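The structure appears right after this line, and notes come after that.
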Ligand code: C2E
Ligand code: CA
Ligand code: CA
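In UniProt numbering, the protein residues as written are 1 to 638.
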């Protein structure tokens, strides 16, 4: 530090050792009495000194870069004028510090600040720091741009009125308008910034613009939820949306356009697509605003009407007519056929309603009826059919199906002649299922052969045990017409009988009239092979089909089983009485035995016996029985 004191004329009154050294003198005394003119720097400061003395204003903290011999250096100067008691200046007191180090630090600091500024401004996300009163202490350019404000309007000001009130600390997402009035999605993080002492300096708010991300997400959602061709809801979103509609009453229409594949083939996919979107537009126009419309599949649409209020069937018929009015697609005039299935229920139960509407639609198509209301009874039947079809294969595989036996009585002697094997399915959940229900299913599913084998096996095994007690006991087994298409049928039956030691003559195979009427070679083959092998043939349900009597002698049929409808009407209907009498007569002429089915009353029993009917079967004698019960009832053992 150099210290000096000069009088108003610039003559040195006092200097310190440092000053003297600086001026090139060995001792301060060498300087005292001299003026600047005699020193190395000359009159450089003269004018300045005069000004200070004249104005009376001290000069403080003046910083200057000096050019030394070896290097440049910075100094800081303070000069204070001194006055006597009369107020006249008598001296100028000065202190000069070399501030090289201080200056360098300051410059580094400035550079760092600049760098920090640049960095902050280069960040595209708005950042601001505010004190606890909400005054902005600092912010970056992105923040100013977002707000559309100048730094001077922001720094030191409370700009709370521009921002959403009460942004909590931590992370949050906000939708704000930027300076250009555009909505932006911002992810905002707010954290306390501590000062050196660990006290809170203020709150730093970092915002990230995630508008792009959110827009893409929204687009993706649109694609996920809406069909791109028609703009209608996709099925998944339709169902999801309907769940929020609550339990209010609703109607659901399923609309199925017909022959769309042909339209595709004939006009090409482009025209077909345009047609579909026109159909969708028409649907939108024709449906109330609160309806949910969805494209279920290529050419199927669903429509959920909350609180329909009007009779749905009529409304649906009108909709169907309007949908079938021709469409003009470019130069083509195209007409489509639509079938509609209608279901009613609760709005939040759309999935089930859709199933119901589907069932109604299927039924409508079967009946060629354009609008069809769901019929719960029919649906239950269909559901049950589906369930049974699904369970039947396993039931057959695991021999869940069992045989019951109904006695056949010899009319003349009033004693047991034999038994008819009837199949039962004790379903684990649905209870006992009648063969009238599952035999057609087994036929449809191609399982009747295996079912027949299973029953024949059970029947022969049982018959063998009973014949041990009663050797001439007959067993009648029902065969499906489809089994006769299997060329191996006869071999199979023969093998089974042989395996159990059953004489073919004690096994009667019941077939329906239809089998005789079919002209297929396998059937003829099977029938004649079975007869040749010695099995008895019975025509079941005789009188319900169109059997040509001419077949009977040729095929050596042993028995005609008169259908139970004849037995029922016997006493009341004169024509039936006549038919039955003549069938018995004709049968006997041809050497054929007659069994009457469905004998329920003593009156029928008496009449049939008197008319010469050979055998009787029916509830009057017994219902079909499980084998042990049958055995006990007829003294055949268990
Ligand atoms: P079906 O061969 O005409 O058998 C006679 C049906 O009449 C049996 O019904 C029997 O329980 C019933 N029935 C017997 N007596 C009376 C009566 O007095 N009154 C009335 N109302 N009904 C009586 P089920 O057991 O339900 O069998 C129905 C049909 O299922 C059978 O008619 C037969 O066509 C078929 N079926 C039964 N088991 C088999 C089988 O193992 N294989 C094949 N392919 N079909 C079978
Ligand atoms: Ca039968
Ligand atoms: Ca029958």
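Each residue gets a CB set at the ideal place from its N, CA and C atoms; glycine is no exception. It should be emphasised that the depicted structure is a prediction, and the values quoted were computed from it without experimental measurement.
Cβ atoms of residue j and residue i: under 8 Å apart, would you say?
i: residue 483; j: residue 452; result: yes
i: residue 487; j: residue 522; result: yes
i: residue 126; j: residue 142; result: yes
i: residue 234; j: residue 282; result: no
i: residue 421; j: residue 336; result: no
i: residue 169; j: residue 190; result: yes
i: residue 179; j: residue 148; result: yes
i: residue 238; j: residue 302; result: yes
i: residue 199; j: residue 91; result: no
i: residue 497; j: residue 504; result: yes
i: residue 144; j: residue 254; result: no
i: residue 665; j: residue 307; result: Absent from the model: residue 665. The displayed extent of the chain is 1 to 638, so no value can be given.
i: residue 18; j: residue 2; result: yes
i: residue 304; j: residue 320; result: no
i: residue 329; j: residue 369; result: no
i: residue 528; j: residue 506; result: no
i: residue 350; j: residue 242; result: yes
i: residue 93; j: residue 82; result: yes
i: residue 53; j: residue 8; result: yes
i: residue 627; j: residue 357; result: no
i: residue 454; j: residue 396; result: yes
i: residue 545; j: residue 584; result: no
i: residue 325; j: residue 246; result: no
i: residue 24; j: residue 49; result: no
i: residue 456; j: residue 425; result: no
i: residue 338; j: residue 258; result: yes
What distance in whole Å lies between the Cβ atoms of residue j and residue i, which are believed to be in contact at a cut-off of 8 Å?
i: residue 97; j: residue 69; result: Actually they do not touch by this definition, with Cβ atoms about 20 Å apart.
i: residue 226; j: residue 275; result: That belief does not hold up - the Cβ atoms of residue 226 and residue 275 are roughly 19 Å apart, past 8 Å.
i: residue 508; j: residue 474; result: 6 Å
i: residue 640; j: residue 202; result: The chain is shown from 1 up to 638; residue 640 falls before or after that span and cannot be answered.
i: residue 343; j: residue 252; result: 5 Å
i: residue 232; j: residue 280; result: 5 Å
i: residue 187; j: residue 171; result: 7 Å
i: residue 74; j: residue 62; result: Not quite, the Cβ-Cβ distance comes to about 11 Å (not below 8 Å), so this is no contact.
i: residue 712; j: residue 569; result: The structure shown has nothing for residue 712, since the chain only spans 1 to 638.
i: residue 363; j: residue 378; result: 6 Å
i: residue 493; j: residue 637; result: Actually they are not in contact, since the Cβ atoms of residue 493 and residue 637 sit about 26 Å apart, beyond 8 Å.
i: residue 416; j: residue 551; result: Not really, about 30 Å apart at Cβ, beyond 8 Å.
i: residue 185; j: residue 267; result: Their Cβ separation, rounded to whole angstroms, is 44 Å, which puts residue 185 and residue 267 out of contact at 8 Å.
i: residue 537; j: residue 557; result: 5 Å
i: residue 78; j: residue 65; result: That pair is no contact at about 17 Å.
i: residue 704; j: residue 158; result: The structure shown does not extend to residue 704, since the chain spans only 1 to 638, so no value can be given for it.
i: residue 300; j: residue 256; result: 5 Å
Any beta carbon from chain C within less than 8 Å of residue i's own beta carbon?
i: residue 210; result: Judged by its chain identifiers, the structure shown contains no chain C, having just a single protein chain.
Taking the runs of the beta strand (DSSP E) that are 3 residues or longer, which of them lie wholly in the UniProt domain "PAS" (112–166)?
Listed in chain order, they are 127–130, 136–139.
On the three-pair Cβ rule with 8 Å, is the segment 422–430 touching the segment 594–609?
No, because fewer than three Cβ pairs between the segment 422–430 and the segment 594–609 fall closer than 8 Å, the two stretches do not touch.
Take every Cβ of the segment 560–575, pair it with every Cβ of the segment 528–541, and state whether three or more of those distances are shorter than 8 Å.
Yes, the segment 560–575 is in contact with the segment 528–541.
Which parts of the segment 432–484 are runs of the alpha helix (DSSP H), unbroken and 4 residues or longer, counting only runs that do not cross its ends?
Counting whole runs of 4 or more residues, the segment 432–484 contains the alpha helix (DSSP H) stretches 435–444, 448–467.
Can you find at least 3 beta carbon pairs, one from the segment 456–467 and one from the segment 432–443, that sit closer than 8 Å?
Output reads no: the segment 432–443 does not touch the segment 456–467.
With a floor of 3 residues, list each beta strand (DSSP E) that falls wholly inside the segment 364–399, ordered by position along the chain.
Counting only runs of 3+ residues, the beta strand (DSSP E) found wholly inside the segment 364–399 occupies 371–373, in chain order.
Enumerate, from N- to C-terminal direction, the unbroken beta strand (DSSP E) stretches of 3 or more residues contained entirely within the UniProt domain "GGDEF" (248–376).
Look at the UniProt domain "GGDEF" (248–376) and you find these whole runs of beta strand (DSSP E), each 3 residues long or longer: 249–257, 292–297, 300–306, 327–329, 332–334, 338–346, 371–373.
Exercise answer, beta-carbon shell around ligand 2 heavy atoms below 5 Å
Listed along the chain, these residues meet the criterion: 478, 510, 540.
Any beta strand (DSSP E) of 3 or more consecutive residues that is wholly inside the segment 539–596
Segments of the beta strand (DSSP E) lying fully in the segment 539–596: 559–562, 593–596.
Give a yes or no on contact between the segment 405–421 and the segment 603–618, applying the rule of three or more CB pairs nearer than 8 Å.
For the pair of segments examined, the segment 405–421 was found to touch the segment 603–618: the number of CB pairs separated by less than 8 Å reaches three.
3-residue-minimum beta strand (DSSP E) runs that sit fully inside the segment 200–249, ordered along the chain:
As far as the segment 200–249 is concerned, its whole beta strand (DSSP E) runs of at least 3 residues are 200–209.
Ignoring anything shorter than 3 residues, give me the beta strand (DSSP E) runs that lie fully in the segment 64–94, in order along the chain.
At a cut-off of 3 residues, the continuous stretches assigned as beta strand (DSSP E) that sit fully inside the segment 64–94 are 72–83.
Could you pull out every unbroken beta strand (DSSP E) segment of at least 3 residues lying fully inside the segment 480–536, listed in chain order?
Qualifying beta strand (DSSP E) stretches, in chain order: 507–512.
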